[in-house]
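Going by this note's numbering, the first residue of the sequence shown is number 495, and it counts up by one from there.
Heads up: the structure comes next, in structure tokens.
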Amino acid sequence: MPHNSPGFLRINSSDANVDLRLISIEEGEDLRQRVLRPGQPDWRFPFLPQAEFFHMGAFHGQQLISVVSLLEEEVVGDSTNGAAAWRLRGMATVPEMQNRGIGGLLLEHGVAEVINRYGSLVWCYGRTSADQFYQSHGFQPHGEIFDIEGAGLHALYIRPLGNGLQRKTRSA
Ligand SMILES: CC(C)(COP(=O)(O)OP(=O)(O)OC[C@H]1O[C@@H](n2cnc3c(N)ncnc32)[C@H](O)[C@@H]1OP(=O)(O)O)[C@@H](O)C(=O)NCCC(=O)NCCS
Numbered sequence: 495m496p497h498n499s500p501g502f503l504r505i506n507s508s509d510a511n512v513d514l515r516l517i518s519i520e521e522g523e524d525l526r527q528r529v530l531r532p533g534q535p536d537w538r539f540p541f542l543p544q545a546e547f548f549h550m551g552a553f554h555g556q557q558l559i560s561v562v563s564l565l566e567e568e569v570v571g572d573s574t575n576g577a578a579a580w581r582l583r584g585m586a587t588v589p590e591m592q593n594r595g596i597g598g599l600l601l602e603h604g605v606a607e608v609i610n611r612y613g614s615l616v617w618c619y620g621r622t623s624a625d626q627f628y629q630s631h632g633f634q635p636h637g638e639i640f641d642i643e644g645a646g647l648h649a650l651y652i653r654p655l656g657n658g659l660q661r662k663t664r665s666a
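This is the structure in structure tokens:
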């Protein structure tokens, strides 16, 4: 099965009573709009991958309750010394299921999948409102805080994965 196909990875976590699996971008659209841009019903998650990527969802029964996307992308300015960088995007858990460990579980399985795909670093532009969440998962803030209109204050967060892997050689 191709790596980007939904269903490539499936995990059942009895601890949190959720299923984690790869999803399509369309499956996460409604949840993302409601959680990330409430009050902007026409907003769509801007996702134009140039390289490898995957979207993951956490399900409670049939209901999608948390999403995250990861894609191969260098950190802007490439301060990362040739690391095989992956960008985390569109992390969101429905409000009624937040603070139960589900977002963290999904993030950690996303990172594990990045390691499976030879990534050595994960970064994101994280909302400062989620600063504690990112820092508790090993991300460190870098540089200035900046505003994204309609989404609030953000910082660059970087989590080295410590597996010593270098950027894959790309053919010309
Ligand atoms: C940020 C976000 C994705 C986190 O998802 P989540 O499912 O709530 O994540 P978790 O439950 O794993 O972690 C959230 C907090 O709950 C705590 N927690 C985890 N399990 C818990 C439990 N069983 N009981 C109580 N608290 C718990 C965690 O310690 C964590 O605390 P921290 O933020 O201080 O580190 C979610 O809050 C969200 O969607 N926010 C709005 C959108 C957003 O800001 N997205 C990020 C865009 S950059």
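The C-beta atom is built at its ideal place from N, Cα and C for all residues, glycine as well.
Predicted model, so just to flag it, every value in this text is computed and none were measured.
Nearest candidate by alpha-carbon position, reference residue 567, set 531, 616, 592 and 527: By 1-based counting over the sequence shown, the position of residue 567 is 73. Closest option to residue 567, Cα to Cα, is 616.
State the CB to CB distance for the pair residue 583 and residue 633, rounded to an integer number of angstroms; the pair is presumed to be in contact (CB under 8 Å). Counting from one through the sequence shown, the residue named residue 583 turns up at place 89. Counting from one through the sequence shown, the residue named residue 633 turns up at place 139. That pair is no contact at about 13 Å.
Just to confirm before moving on: does the CB-CB distance between residue 613 and residue 562 stay below 7 Å? Indexing the sequence shown from 1 puts residue 613 at position 119. Indexing the sequence shown from 1 puts residue 562 at position 68. No, these two residues do not count as a Cβ contact at 7 Å.
DSSP on residue 638, reduced to helix/strand/coil? Translated into the one-based positions of the sequence shown, residue 638 becomes position 144. In this structure, residue 638 counts as strand in the three-state DSSP scheme.
May I have the straight-line CA-CA distance separating residue 513 from residue 611, to the nearest angstrom? Start at 1 with the first residue of the sequence shown, and residue 513 comes out as number 19. Start at 1 with the first residue of the sequence shown, and residue 611 comes out as number 117. For residue 513 and residue 611, the distance between alpha carbons rounds to 21 Å.
Separation of residue 571 from residue 595, as counted between CA atoms: One-based indexing of the sequence shown puts residue 595 at position 101. One-based indexing of the sequence shown puts residue 571 at position 77. Each residue's Cα considered, the two are about 33 Å apart.
Mapping the DSSP letters down to three states, classify residue 744 as helix, strand or coil. Here the chain covers residues 495 to 666 and nothing more, so residue 744 does not appear.
Which residues neighbour ligand 1 when neighbourhood means a C-beta less than 6 Å away from any of its non-hydrogen atoms? List them by chain order. 529, 530, 560, 585, 586, 587, 592, 593, 594, 595, 596, 597, 598, 620, 621, 623, 624, 626, 627 and 630
Hey, how far is the Cα of residue 526 from the Cα of residue 625? Locating residue 526 in the sequence shown gives position 32, counting from the first residue. Locating residue 625 in the sequence shown gives position 131, counting from the first residue. Approximately 19 Å, taken between the alpha carbons.
Does DSSP classify residue 653 as helix, strand or coil? For the purposes of this step, residue 653 is taken as the residue at position 159 of the sequence shown. Residue state, collapsed to three classes: strand.
Residues sharing a beta bridge with residue 557, DSSP: For the purposes of this step, residue 557 is taken as the residue at position 63 of the sequence shown. In DSSP, residue 557 forms a bridge with 554.
Taking C-alpha atoms, which residue in 522, 533, 517 and 538 lies nearest to residue 587? As a first step, residue 587 must be located in the sequence shown, where it is residue number 93. Among 522, 533, 517 and 538, the Cα nearest to that of residue 587 belongs to 522.
Only counting the same chain, and skipping five residues up and downstream in sequence, which positions put a Cβ closer than 6 Å to that of residue 580? Numbered from its first residue, the sequence shown carries residue 580 at position 86. The answer, listed in chain order, is 564, 566, 608, 613 and 616.
Decide if residue 656 is buried, meaning its Cβ has at least 16 other Cβ atoms within 10 Å, or exposed. Locating residue 656 in the sequence shown gives position 162, where the first residue counts as 1. Exposed, by the Cβ-count rule.
How many Å lie between residue 644 and residue 549 at the Cα? On the sequence shown, residue 644 is found 150 positions in, with the first residue counted as 1. On the sequence shown, residue 549 is found 55 positions in, with the first residue counted as 1. Each residue's alpha carbon lies about 23 Å from the other.
Using three-state DSSP, classify residue 563 as helix, strand or coil. Here residue 563 corresponds to residue number 69 of the sequence shown, with the count starting at 1. Three-state result, residue 563: strand.
Which stretch, first to last residue, makes up the alpha helix (DSSP H) that contains residue 525? Locating residue 525 in the sequence shown gives position 31, counting from the first residue. Taken as a continuous stretch (DSSP letters only), the alpha helix (DSSP H) holding residue 525 covers 519-530.
Residue range of the beta strand (DSSP E) that includes residue 586: Sequence index remark: in the sequence shown, residue 586 carries index 92 (1-based). Taken as a continuous stretch (DSSP letters only), the beta strand (DSSP E) holding residue 586 covers 579-587.
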